[in-house]
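Colleague: Structure provided below as structure tokens; questions to follow.
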DNA sequence: CGGGACAACGTTTTT
DNA sequence: CGTTGTCCCG
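Numbering (the numbering used here), first residue to last: 121 to 786.
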């Protein structure tokens, strides 16, 4: 099976078509790769584990391997490249395309979730979704859980149940760590042990409702793919013959199900290449287990192991610091990065009195660097949590420094976007109770009970969303349900283009928007942007699944308005910065209690993950690394004043780290 | 039954 | 402090 390249890689267009159609060798692999990289690239067949330190040319190695396989006559479609983000795989294929030719764009790939979606869509009936399924994001899942939760809190006068988001966390953790619900509660939520049975019943009902309404949440995509492969030998064989070579990036961030999926897909030929770095494992919170890397050779006997230890990214002083940080890690593959890049200045640790002093220091330094000719787009400010950047964002706006922020809130998570999308969703998935409730609750005089009745009436008609038009509804006419009926009738017109449908929904939604939100002008801009995104799609289903699986970032607005060429500063969570690099990197909020977060401080495992996180952040820097913290911050959660730099930096020798105090008044 | 008013809670990271 | 859940009035 070949995946739908168009929907997976919509932005890629072949750079040039005058490549090398005959496939004769054009790349001098041994001149552009070091011996370890070359060994990985030219590895013939069978399982291969590449332990690739930060900046050691991991992406380069993968890219060249793809090119090499294609050059050796491997059908591009039969190469499956699973990576962590779509951005990463696009980038890789683009680079492979530049090396070789357009054939590289035919390579199959994407994230685990998008791959699962593509496979499951095709075999939906095999896993009990005769009519297909729709993917629900975290907040949809929470809405569904809330509906079930309510049945319990009404019926029983028990002590308080966990809130919906906590329930969703428990459920997801159970899947991703492959542990029963009960065990998750014992381990991580002991304060809810006393109502374990109720929680388990809610979980059971949640599973049931998802089936009834044809929903897959993020975890179900993986679970169902796993089931499909393990229960249907014929399908598994079909897939293993389609994908002769499997390449997995960021293997340290896979969890047990993902590792099993790779095993199931690899077939008898076991042409599996995984690339990762145990020191950069930062997704334990969603069940990632870096031990997958260590146990890979057990899973695949005869695995060849190659280590890439030469760093091509950072100058020596930066590497000295990052090596020191990670040396303290409890549990890791031993490797020590080295570089041949001489020179460079010491990384700096800057204390400012408060958050705003920190923001001003960073802003000043950025202006100074830009004055020296460093491009804004080659500078990044990294942080532990998205909200850590709020004050800096204000400061940057004040100084008119353009920036783009990655990570944190997604565009599609805001209520008004979800509202509009819900109207489109029900035309494709009429059993989507979550979306129907969203839509109906926007009407006046309609609450949960009325919504349920309307939903039942529509469902009984069995004629899709059009059921709204024919069903006998007892609804207050002041509700505005007639306008909704008109909209649904319009959307039923299959000849209407996707843009027209979007416009209709927006027209319908406008009065609701204005009535519900004081800041409707800002929200309207978002909605117009949503329409612009829609126009890139040819079919609604592709649009809808992408909005869940690859949602656009909230403040990435400018991308659409055509000023993509202007150089912008990068603001990013460390998680979203994975795999990237910049000339200068700032890490802000390196304050003990924030980074590591006070939440992690009692758990050795969590603390280790925080350490790896700061390691990932620091290793993004090529020339300059500046770490800052506010030295007097009152923390409401612990009711203490935080003033010490991150414990990962505090003991570092002065010949490795310049320490300065910044006073904006001086 | 809907909706508004009030109280309690807990606080990251992503698909 | 903003979100989430509950309670009670109309």
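Using N, Cα and C, we set each Cβ at its ideal position, and we do this for glycine too.
Which residue or residues does DSSP assign as beta-bridge partners of residue 750?
Modeller: 472
Colleague: Where do the ends of the beta strand (DSSP E) carrying residue 380 lie?
Modeller: No beta strand (DSSP E) holds residue 380; the alpha helix (DSSP H) holding it covers 376-386.
Colleague: Which residue marks the beginning of the beta strand (DSSP E) containing residue 693, and which one marks its end?
Modeller: 689-693
Colleague: Helix or strand or just coil, what does DSSP make of residue 205?
Modeller: coil
Colleague: Determine which residues share a DSSP beta bridge with residue 430 and list them.
Modeller: 458
Colleague: Specify, as a first and last residue, the run of the alpha helix (DSSP H) that residue 548 falls within.
Modeller: 535-548
Colleague: Can you name the start and end residues of the alpha helix (DSSP H) that residue 320 belongs to?
Modeller: Taken as a continuous stretch (DSSP letters only), the alpha helix (DSSP H) holding residue 320 covers 316-332.
Colleague: Have a look at residue 273 and residue 320 and give me their C-alpha separation to the nearest angstrom.
Modeller: 14 Å
Colleague: Would you report the Cα separation of residue 364 and residue 201, rounded to the nearest angstrom?
Modeller: 11 Å
Colleague: Using a threshold of 8 Å, state whether the C-beta atoms of residue 746 and residue 706 are closer than that.
Modeller: yes
Colleague: In three-state terms, what does DSSP make of residue 702?
Modeller: It is a strand residue.
Colleague: Looking only at its own chain, which residues have a Cβ that is under 6 Å from the Cβ of residue 424, when we skip the five neighbours before and after it?
Modeller: 168
Colleague: Compute the Euclidean distance between the alpha carbons of residue 574 and residue 588, then round it to the nearest angstrom.
Modeller: So the two alpha carbons sit approximately 8 Å from each other.
Colleague: Of the choices 636, 534 and 611, whose alpha-carbon is the least far from that of residue 258?
Modeller: 534
Colleague: Let me check one thing: in DSSP terms, what residues is residue 779 bridge-paired to?
Modeller: 469
Colleague: According to DSSP, residue 365 sits in a beta bridge with which residue or residues?
Modeller: 199
Colleague: Looking at the secondary structure, which residues open and close the beta strand (DSSP E) in which residue 229 lies?
Modeller: 228-230
Colleague: Grab me the residues of residue 345's own chain with a C-beta within less than 7 Å of its C-beta, minus the 5 sequence neighbours each way, in chain order.
Modeller: 236, 239, 240 and 381
Colleague: Nearest to residue 626 by alpha carbon, out of 640, 378 and 447?
Modeller: 640
Colleague: What first and last residue would you give for the alpha helix (DSSP H) that runs through residue 78?
Modeller: Past the boundaries of the shown model lies residue 78; the chain is included only from 121 to 786, so the question cannot be answered.
Colleague: Where do the N-terminal and C-terminal ends of the alpha helix (DSSP H) with residue 286 fall, by residue?
Modeller: 284-296
Colleague: Please determine, among 511, 504 and 247, the residue with the shortest C-alpha to C-alpha distance to residue 476.
Modeller: 511
Colleague: Going along the chain, which residues of its own chain have a beta-carbon closer than 6 Å to the beta-carbon of residue 379, five neighbours each way excluded?
Modeller: Within the same chain, Cβ atoms closer than 6 Å to the Cβ of residue 379 are found at 412, the five residues on either side in sequence being excluded.
Colleague: I'd like the ranges of any alpha helix (DSSP H) spanning at least 4 consecutive residues and lying wholly in the region 619-671.
Modeller: 640-654 and 660-669
Colleague: Is the region 354-364 touching the region 331-343 in the sense that three or more CB pairs, one from each, lie closer than 8 Å?
Modeller: no
Colleague: Strictly by DSSP, which residues pair up with residue 501?
Modeller: 691 and 706
Colleague: Could you please give the first and the last residue of the uninterrupted alpha helix (DSSP H) stretch that includes residue 555?
Modeller: 553-561
Colleague: Identify the continuous beta strand (DSSP E) that holds residue 532 and give its terminal residues.
Modeller: Careful: residue 532 lies outside any beta strand (DSSP E) and carries neither H nor E.
Colleague: Going straight from the alpha carbon of residue 415 to that of residue 324, what length do you get?
Modeller: 32 Å
Colleague: Along the chain, where does the beta strand (DSSP E) that runs through residue 169 open and close?
Modeller: Residue 169 -> beta strand (DSSP E) spans 168-172.
Colleague: Would you kindly report the start and end of the unbroken beta strand (DSSP E) that includes residue 510?
Modeller: Here residue 510 belongs to no beta strand (DSSP E); instead the alpha helix (DSSP H) covers 510-518.
Colleague: If the criterion is Cβ atoms closer than 8 Å, does the pair residue 777 and residue 466 meet it?
Modeller: yes
Colleague: Candidates 291, 249, 312 and 730: which alpha carbon is nearest residue 280's?
Modeller: 312
Colleague: Could you name the residues of the same chain whose beta carbon sits closer than 6 Å to that of residue 784, not counting the 5 residues immediately before and after it, in chain order?
Modeller: 477 and 480
Colleague: Where do the ends of the beta strand (DSSP E) carrying residue 256 lie?
Modeller: 254-256
Colleague: For residue 680, which residues of its own chain have a beta-carbon under 8 Å away from its beta-carbon, when the five flanking residues on both sides are left out?
Modeller: For residue 680, the pLDDT reaches just 42, beneath the cut-off of 50, and the residue's location in the model is therefore unreliable, although a value from the coordinates is still provided. Closer than 8 Å at the Cβ level, and outside the excluded window around residue 680, lie 649, 652 and 653.
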